[in-house]
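Numbering (our numbering), first residue to last: 18 to 113. Heads up, the beta-carbon is just placed ideally off N, CA and C, and yes, glycines get one too. Structure first, then comments.
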Amino acid sequence: MGFIVIRAIAWFANIIELMLIGRAILSWFVNSGNQTVYRAYMFLGSLTEIVVAPCRLLLQKLNINTGMFDFSVLLALILVQAIEGILIRLAYIIFF
18 MGFIVIRAIA WFANIIELML IGRAILSWFV NSGNQTVYRA YMFLGSLTEI
68 VVAPCRLLLQ KLNINTGMFD FSVLLALILV QAIEGILIRL AYIIFF
């Protein structure tokens, strides 16, 4: 049972991480001429905004001016990885 929970946590975190990386990469290629890339970016944006928006607000509250770069996606990726590690350790403590 414990291994299933740990694998589920890792799987869920990996999916979120891949969506965040996809959002970051697609942001470089979004333009009005390519609707496919724009739609994919908007889709990933709608799925990941729930994770990215609090990170963006945190960076604004800390008054971190990043200019034209948006580091909220990078911060979200780091936080997802940290939370994944914490949850896996907790699951290991609980089940083993």
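Which residues in the same chain as residue i place their Cβ atom closer than 7 Å to its Cβ, once the five residues preceding and following it in sequence are excluded?
| i | result |
| --- | --- |
| V69 | S89, V90, A93 |
| L61 | M36, G39, R40, L43 |
Compare the C-alpha of residue i against each of the options and name the closest.
| i | options | result |
| --- | --- | --- |
| I100 | S63, N31, L64 | N31 |
| L64 | A27, V22, L35, I105 | L35 |
So is residue i buried or exposed if we call it buried at 16+ other beta carbons inside 10 Å?
| i | result |
| --- | --- |
| L37 | buried |
| Y109 | exposed |
Could you spell out where the alpha helix (DSSP H) holding residue i opens and where it closes?
| i | result |
| --- | --- |
| W28 | 19-44 |
| F113 | Element bounds for F113: n/a, residue is neither H nor E. |
| M59 | 52-78 |
To which residues of the same chain is residue i closer than 6 Å at the C-beta, ignoring the five residues directly before and after it?
| i | result |
| --- | --- |
| I33 | V97 |
| L79 | none |
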